[in-house]
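Residue numbers (my numbering), protein chains in the order written: chain P, 1 to 697; chain E, 1 to 697.
We treat Cβ as the ideally placed atom computed from N, Cα and C, and that holds for glycine.
Before any comments, here is the structure.
There are 2 protein chains.
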Amino acid sequence: MKKFFYPDHAAIIGVSDKSSNLGKNIIINLMEFGFTGSYEAVGREGGMLFDKPIYPSVLDVPHELDLAMILVRAELVPDVAEMCGQKGIKRLVISTGGFSEYRPERKALEENLLAVCQKYGMRFIGPNCLAVVNMENGLFLPFSPYRSAKWKKGPVSIISQSGGIAMNLSQHLSHHKIGVGKVASIGNKLNVDEVDLLQFFLDDPETKIIYMYLEGLPRARELYEMACAADKPILIHKSNTSDTSHEISHSHTASLASDDTVVEAAFRHAGIIRVQNFEEAIDCIKMLSLPPLKGNRLACMACGGGGSVMAADEAGRNGFTLPAFPRDFLDWLEERGRAKVITVTNPIDYGDLYELDLHIGALERMRQLPGIDAVFYDICYNEEWEKLVLSEGFQMLFDYLSRVNESSEVPVIVRPNLGDLELWESVNRRITAPVFETIQGCFHAMRKVREATQARRISKPIATPTISTAPTIDTILQDAGRQGKTFLDHEGYGILKALNISVVKQQLVQRKDADAVFETNISYYPVALKALGAEMAHKTDVGGVRLNIRDEKELSAAMAAMVADERLTSASGYLVQEMVNEGVEVIVGGKRDPQFGPVVVIGLGGIFVELFADFQLAVAPVDMTTARHMIQSLKGYPLLKGYRGGAPLDIDFLSKIIQRISDLMANFPSIREIDLNPVRVFPQGEGALVIDCKVFL
Amino acid sequence: MKKFFYPDHAAIIGVSDKSSNLGKNIIINLMEFGFTGSYEAVGREGGMLFDKPIYPSVLDVPHELDLAMILVRAELVPDVAEMCGQKGIKRLVISTGGFSEYRPERKALEENLLAVCQKYGMRFIGPNCLAVVNMENGLFLPFSPYRSAKWKKGPVSIISQSGGIAMNLSQHLSHHKIGVGKVASIGNKLNVDEVDLLQFFLDDPETKIIYMYLEGLPRARELYEMACAADKPILIHKSNTSDTSHEISHSHTASLASDDTVVEAAFRHAGIIRVQNFEEAIDCIKMLSLPPLKGNRLACMACGGGGSVMAADEAGRNGFTLPAFPRDFLDWLEERGRAKVITVTNPIDYGDLYELDLHIGALERMRQLPGIDAVFYDICYNEEWEKLVLSEGFQMLFDYLSRVNESSEVPVIVRPNLGDLELWESVNRRITAPVFETIQGCFHAMRKVREATQARRISKPIATPTISTAPTIDTILQDAGRQGKTFLDHEGYGILKALNISVVKQQLVQRKDADAVFETNISYYPVALKALGAEMAHKTDVGGVRLNIRDEKELSAAMAAMVADERLTSASGYLVQEMVNEGVEVIVGGKRDPQFGPVVVIGLGGIFVELFADFQLAVAPVDMTTARHMIQSLKGYPLLKGYRGGAPLDIDFLSKIIQRISDLMANFPSIREIDLNPVRVFPQGEGALVIDCKVFL
């Protein structure tokens with residue numbers, strides 16, 4: 001991967017000296033950004049450009065090449081790639097658009113291209129991509145012209161499915177004094193994709209923060225696992241959030257785990273910072289460039305009463321607290337305050353007064369207060385005031401703020417609170433460290449970065465766990481496979497038994513034995529009677545469930561009615577189950593997500609999960625820590641913890657069920673969906689019982 | 001109120017020629033902004049300023065004055081006001097800070113000031129306020145210096161409890177080419193407050209849009225009623241959202257209706273646009289300056305694949321749809337597209353190509369497509385590109401966009417999508433109409449403005465409705481009042497009866513008759529037995545409720561146990577009620593909000609309302625339309641509408657209960673809280689029954 005970013009000799013193919021030629025812009029960019037390697041222009045019409053020859057073919061270049069940038073018409077790309085192969089070039093960047101993204105029938109062209117590259121062992125980025133950039137060596141391949149003065153070298157590397165977004169974000173980051181390192185716009189990613197690049201950037205010592213813009217996640221599982229193990233912060237803008245999966249969901253679990261809810265959960269668990277737009281990305285990256293917050297206690301100093309109240313509101317909204325200041329600090333501040341018109345609290349409202357040396361003194365003292373994790377400072381600036389009175393004061397303050405975060409573990413978070421963008425810009429320029437634009441963006445980023453940092457501290461199991469009873473489960477699944485079954489009901493209970501998950505007392509009655517049941521000694525009335533079979537997946541809807549059967553006589557009648565029911569003729573048998581009304585209903589399930597693979601779901605039963613979307617999901621396998629955390633994150637958690645003086649329920653046991661279902665999903669790819677719905681959870685120490693179980697293969 | 005903004009002769013009191021004098025800045029501002037009235041400087045030390053005398057006292061000014069701006073030390077303010085009174089001035093703006101907001105003991109100073117003003121019939125804005133501004137006549141009273149070039153006259157008037165916020169927002173609005181009309185920073189609002197000013201701005205023909213920044217809402221009710229009747233859009237930033245009310249809630253209803261949830265609901269119903277920060281305010285005001293959207297169908301054209309996907313994501317998130325374009329429009333566009341690399345859909349991805357005449361043509365056609373309510377256009381701009389190739393193209397586009405919304409009912413919403421702020425700024429300057437800064441801010445504002453516009457179309461009843469049985473209710477309340485009761489239980493059922501709200505079958509047993517109950521012929525077993533009395537407000541917690549009593553014998557035993565129970569010795573009597581298990585449980589309640597007065601609440605029963613915060617509230621009185629709308633807005637509404645094939649419930653009847661409770665709250669101020677919890681709602685046509693009722697006086 002390294003040669004894509006550090007070539008010694010590059011060729012730009014598709015260059016002419018015409019005014020509308022895009023390839024020429026790349027040559028201009030390489031000059032503008034001072035590429036440290038050599039580069040040659042190639043174009044069929046030949047000629048000269050900036051006093052250097054344009055070679056008619058890459059084969060005409062008189063020396064070796066290790067990277068080619070291709071920008072010729074789509075139809076010509078395979079031939080050009082062929083010549084690159086002949087020339088011995090191993091890395092291509094293909095900007096040309098108009099492949100399968102334009103017309104499906106152009107798929108053939110892509111296949112030609114892939115074949116050529118395979119033949120020569122060439123790897124390529126694109127086609128239909130705008131850019132590869134490396135600010136370290138001036139490799140700058142976008143085909144639109146840019147000015148190097150607007151670009152700053154920095155710690156952020158970018159992987160983007162949109163060239164425009166990569167370019168815009170790079171310039172924004174430069175403008176905000178953070179800068180970019182390497183940029184790859186990956187286009188149709190026929191060969192090199194986001195996961196290849198993510199691995200490279202994780203290993204790249206120059207890259208400290210990784211940002212990705214992705215419209216789909218075909219290698220979501222690998223991305224998730226890499227992020228779980230990563231030691232660098234990763235931000236992802238996953239767009240295209242409308243649910244595009246047209247697969248039909250069979251189970252409850254599957255219908256909850258829509259594409260985007262899985263993305264959301266997986267990113268959250270992996271500590272990936274999910275952003276929805278530029279502003280959020282930039283604010284989070286700014287926050288990541290400051291010393292990290294160790295807790296949620298803030299000291300704030302803001303401009304005017306309004307600014308103070310807004311800071312307090314935003315702190316509250318984002319889970320931060322504003323501890324009261326110690327008396328000696330308040331005394332120090334009140335003694336020095338000139339106007340004596342404002343009461344000192346946290347936030348400090350410094351009014352419209354500009355005692356800037358006092359501000360610096362206060363900031364320095366606030367950073368050192370025990371129990372303060374960050375200082376937020378909302379600066380006012382008035383240029384007329386600076387001209388009239390405070391000629392040196394503001395520059396002194398700006399110089400202080402430019403350096404303040406270099407030397408401390410407690411960040412000072414700075415936000416110029418100004419009446420217009422131009423003014424904000426002028427202050428932004430004078431403070432050489434990053435400052436924030438909006439108060440809500442700043443606090444929101446503080447929360448997001450803190451949550452992701454906390455999530456990254458929890459280690460995630462990646463390896464598939466061993467199940468001691470795997471052979472038993474395997475036998476059940478293979479038997480079902482041999483019979484061509486895609487749906488298990490009573491066999492599912494066998495799997496649960498193998499997983500040591502307790503199931504309600506029950507007795508299976510084969511269809512042929514339906515008359516014989518009354519000889520069976522059922523000792524646990526009242527019972528429920530359920531019809532079994534693939535068409536019974538939603539058995540309640542077809543009359544396949546009878547509840548509260550009080551004795552043998554009623555059971556006999558119910559069984560006879562089911563046997564006679566036309567809707568139930570396909571029933572393979574019947575299940576007699578003890579009625580359990582104690583405990584709280586939950587649903588536990590597993591699903592194979594097309595992107596992330598196995599996931600597990602826990603939700604509060606019935607209407608809670610449906611109407612109030614009260615469920616949590618995670619990529620399997622999960623350990624007990626994560627399982628417990630999922631339960632605690634339910635809105636209905638108070639119901640499980642012991643509601644209104646009720647006994648706390650067996651959350652440990654429930655966590656084990658989640659963990660075992662997750663292990664099952666991770667071990668047995670033939671299971672597509674599993675629904676334990678409902679599971680009734682009893683008071684602590686008394687476990688839980690699965691009342692109904694469905695498995696889809 | 002008008003004289004505050006249109007004085008003929010103003011005095012600025014507290015001026016000297018010292019460099020640190022703040023009053024001088026006001027004189028500078030009046031010169032800078034070209035105030036069309038006359039103004040005089042007043043300051044104890046006299047002297048000259050800008051070739052005009054500083055009068056030692058306002059009494060020395062040789063002509064009449066109609067407005068005084070006071071900026072002297074707090075202790076001196078009452079005396080200065082006294083002199084203003086003697087001079088015959090009727091309007092004061094008092095900027096001085098350091099009153100009760102600084103030290104509670106300065107309350108006395110405020111009372112002196114009020115007394116003086118009352119004596120002379122003077123009205124005043126402030127103290128502790130920064131500014132009054134009127135861009136029409138150049139009245140510009142802030143004590144910090146500003147440059148008039150940064151201020152634009154416009155349709156927005158501002159009322160703010162923070163001077164800093166008023167000034168910043170004004171400059172932002174000017175910068176965004178909208179501008180401000182009148183500004184009032186109201187400070188401690190001892191005399192003139194936000195409601196006085198709101199009324200004035202609603203009547204002011206120059207004001208088209210009103211923005212308010214408020215930290216508290218002491219006259220919330222009036223503000224609500226004015227907003228309900230207003231014909232101008234009102235935006236309010238109500239900050240200070242942490243719940244500061246320390247009143248103890250007795251009822252469930254009261255604990256739901258916290259300060260901020262009531263604000264949220266009241267604003268939503270009144271069609272007030274609630275904003276949380278500047279950016280949101282500015283985006284909404286920009287949106288209000290465009291032709292209003294008639295529906296939610298958008299045509300989008302965006303820069304690159306990334307921009308298109310982001311536009312589609314934001315449209316989806318905010319409830320807008322992107323209808324497919326008609327074939328003839330697509331043909332037109334595809335024929336003219338030069339590069340032939342991009343498939344045309346909605347959003348149109350116009351790639352990185354700059355065929356700007358085609359853009360204008362497409363925008364014009366999109367506005368005229370049937371079934372399109374707005375056009376969103378995300379422009380790319382590249383200054384290098386403009387220099388190299390498109391010297392006139394961009395200017396032509398910018399000119400078009402500057403005028404496009406002057407002549408159409410379908411707005412074209414423009415957002416320059418650019419790599420840095422400076423570039424954004426340069427495009428912002430070249431398009432003379434407002435453009436948006438961020439894609440999410442733009443779509444969010446589109447939704448907010450549309451929702452508020454829709455809410456404003458629904459008329460709200462303001463007048464207190466008549467209750468035909470009011471005398472009966474009055475008698476019950478007066479009897480309770482005479483007995484010093486603050487809590488009603490069985491008397492509460494009498495009120496419900498008078499309101500024609502049906503209650504579960506029940507029989508009251510006085511304590512003294514507790515033994516006699518068995519002679520009563522109760523025909524509706526099973527029953528519940530409930531202890532009555534003020535200490536029984538939470539009767540379940542003290543053993544004051546027994547359920548599922550199956551016959552007379554069990555009732556006898558239960559009654560005896562309650563009579564003997566030590567926790568229940570204060571019970572005044574007992575209620576025997578039929579057990580009702582059918583229907584869905586809801587809670588209906590009313591509360592007297594300290595700010596908004598009577599409010600009503602509807603929630604789904606029990607844990608739904610508690611754990612999932614599933615409730616809706618509205619300021620009383622509400623009519624049937626609003627009551628129905630409240631029910632429909634519940635997350636659990638599907639449960640009421642007929643869940644999983646169940647029968648739809650009697651929503652009309654439930655709406656009537658809400659409306660009647662709202663009427664009750666509006667008519668009887670002595671009722672502090674009322675809780676109908678639970679109410680069981682039955683299938684359509686079968687009504688609902690109140691199972692438990694508590695009234696707090």
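Residue environment, residue i, which counts as buried when at least 16 other CB atoms sit within 10 Å
i, result
"L59(E)", "exposed"
"D702(P)", "What is shown of chain P runs 1 to 697, which leaves residue 702(P) out entirely."
"G533(P)", "buried"
"D513(P)", "exposed"
"S289(P)", "buried"
"A302(P)", "buried"
"E194(P)", "buried"
"E334(E)", "exposed"
"I248(P)", "Bear in mind that the predicted position of I248(P) carries a pLDDT of just 48, short of 50, making it unreliable; the figure below should be weighed with that in mind. Exposed: under 16 other Cβ atoms inside 10 Å."
"A528(P)", "buried"
"L547(E)", "exposed"
Any chain E beta carbon closer than 9 Å to residue i
i, result
"W385(P)", "yes"
"I607(P)", "yes"
"Y146(P)", "yes"
"P377(P)", "In the sequence as presented, Pro is not what sits at residue 377(P); that position holds Tyr. Chain E, which has no Cβ nearer than 9 Å to the Cβ of Y377(P), makes this no."
"E101(P)", "yes"
Proximity test, Cβ basis, 9 Å: residue i and chain P
i, result
"T241(E)", "yes"
"G14(E)", "no"
"A560(E)", "no"
"H246(E)", "Since pLDDT at H246(E) reaches only 36, below the 50 mark, its modelled position is unreliable, and the value read off the structure follows with that caveat. No, H246(E) does not count as interfacial toward chain P."
"Y643(E)", "yes"
"L330(E)", "no"
"L388(E)", "yes"
Contacts of residue i in chain E (Cβ-Cβ under 9 Å)
i, result
"K150(P)", "G419, D420, E422, L423"
"M31(P)", "Those within 9 Å of M31(P) in chain E number zero; the least Cβ separation is about 13 Å."
Endpoints, the beta strand (DSSP E) within which residue i is located
i, result
"G573(E)", "573-578"
"C693(E)", "693-696"
"C300(E)", "298-302"
"Q506(P)", "506-510"
"D513(E)", "Neither: D513(E) is in no beta strand (DSSP E) and is coded neither H nor E."
Partner residues on chain P for residue i, Cβ-Cβ distance less than 7 Å
i, result
"S162(E)", "G304, G305, G306"
"K177(E)", "What K177(E) touches in chain P: nothing, since even the nearest Cβ is about 12 Å away."
9 Å Cβ cut-off: residues of chain P touching residue i
i, result
"E215(E)", "G305, G306, V309"
Cross-chain neighbours of residue i in chain P, by beta carbon under 8 Å
i, result
"F612(E)", "F608, F612, D614, K635, G636"
"L380(E)", "According to the sequence displayed, residue 380(E) carries Cys and not Leu. Ordered by position in chain P, the residues that pass the 8 Å Cβ test against C380(E) are G164."
Delimiting residues of the alpha helix (DSSP H) encompassing residue i
i, result
"P78(P)", "77-87"
Amino acids of chain E, ordered along the chain, whose beta-carbon sits closer than 8 Å to that of residue i
i, result
"L298(P)", "Chain E residues near L298(P): none, gap ~14 Å exceeds 8 Å."
"L639(P)", "I607, L611"
Fill in: Residues from the region 430-450 of chain E in contact with chain P, defined by Cβ distance under 9 Å
E437, T438, I439, Q440, G441
Worksheet item: Taking Cβ-Cβ distances below 9 Å as the criterion, which residues of the region 310-325 of chain P are in contact with chain E?
Response: M310, A312, D313, E314, G316, R317
Worksheet item: Got a sec: which bits of the region 275-292 of chain P sit with their beta carbon under 8 Å from any beta carbon on chain E, in order along the chain?
Response: Q276, N277, F278, E279
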